[in-house]
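Trainee: After the structure tokens below, expect a handful of questions from me.
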Amino acid sequence: METAGRPLLPSEILIEAQRDVPALGLATVYRNLKQLTDAGEIQLVEWPGELPRYELADHKHHHHFRCHGCSRVFDVHACPGDMQKLAPRGFTVDGHELTLYGLCSDCKRPAARKPAAAKRAARPAAAPSHRKHRATANA
Ligand SMILES: [Zn+2]
Ligand SMILES: [Zn+2]
Ligand SMILES: [Zn+2]
18 METAGRPLLP
28 SEILIEAQRD
38 VPALGLATVY
48 RNLKQLTDAG
58 EIQLVEWPGE
68 LPRYELADHK
78 HHHHFRCHGC
88 SRVFDVHACP
98 GDMQKLAPRG
108 FTVDGHELTL
118 YGLCSDCKRP
128 AARKPAAAKR
138 AARPAAAPSH
148 RKHRATANA
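Per the numbering used here, residue 18 is the first one in the sequence shown, and the count goes up by one each step.
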């Protein structure tokens with residue numbers, strides 16, 4: 018979780034952890050997450066209707082970007098700063114939360130994401146005999 022740089026779902030944490038400990042189960046991940054949350058070392062990042070994600074609790078003030086394409090959430094370290102001017106007259110702002118929504122760089126360029134699959138798909142088109150046979154059958 019230290020290296021991910023974004024809040025992770027328990028299922029994502031499991032995939033990462035299984036690289037070191039292949040036999041690890043989701044129940045163990047949940048147990049460890051609960052212990053770390055109780056100890057104040059990690060915190061939940063939640064949106065309505067979604068499973069909670071987890072990130073380190075000692076992060077300084079930051080925001081999140083949620084991708085529509087892959088549902089991953091990324092840390093955003095830019096901040097628009099003082100929101101006092103948005104508050105109604107006479108109100109005092111002492112904090113804010115901000116979530117950006119959109120597409121991450123991976124999801125914006127789906128062709129660049131799977132170059133191997135694109136190459137495989139191009140191969141059958143380069144077999145003219147097969148295509149000719151099918152065209153005859155359809156006619
Ligand atoms: Zn994405
Ligand atoms: Zn975060
Ligand atoms: Zn901020």
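Cβ atoms here follow ideal geometry from the backbone N, Cα and C, with glycine treated the same way. The structure displayed is predicted, hence computed values, not measured ones.
Only counting the same chain, and skipping five residues up and downstream in sequence, which positions put a Cβ closer than 6 Å to that of Gln35?
Mentor: Taken in chain order, the residues that qualify are Leu41.
Trainee: When DSSP labels each residue in this structure, what does Glu33 get in the three-state scheme?
Mentor: Three-state result, Glu33: helix.
Trainee: Throw me the rounded Cβ distance for the His85 and Leu120 pair, which I believe falls under 8 Å.
Mentor: The pair is a contact, with the Cβ atoms about 6 Å apart (cut-off 8 Å).
Trainee: Within 10 Å of its beta-carbon, does Ile32 have 16 or more other beta-carbons around it, so buried, or fewer, so exposed?
Mentor: Burial call: exposed.
Trainee: What's the gap between the Cα of Val90 and the Cα of Val38?
Mentor: Approximately 25 Å between the Cα atoms of the pair.
Trainee: Take Leu26 and list the residues in its own chain whose beta-carbon comes closer than 6 Å to its own, dropping the five residues that flank it on each side.
Mentor: These residues qualify, in order along the chain: Leu68 and Arg70.
Trainee: Starting from Thr45 and walking both ways along the alpha helix (DSSP H), at which residues does that stretch end?
Mentor: Run containing Thr45: Leu43 to Asp55, per the alpha helix (DSSP H) assignment.
Trainee: Which residues in the same chain as Trp64 place their Cβ atom closer than 8 Å to its Cβ, once the five residues preceding and following it in sequence are excluded?
Mentor: Answer for Trp64: Arg83 and Thr116, listed in chain order.
Trainee: Could you give the DSSP three-state label for Cys87: helix, strand or coil?
Mentor: DSSP places Cys87 in coil when its eight states are reduced to three.
Trainee: Using the DSSP secondary-structure output, state which residues sit across from Asp92 in a beta bridge.
Mentor: DSSP lists His81 as partners of Asp92.
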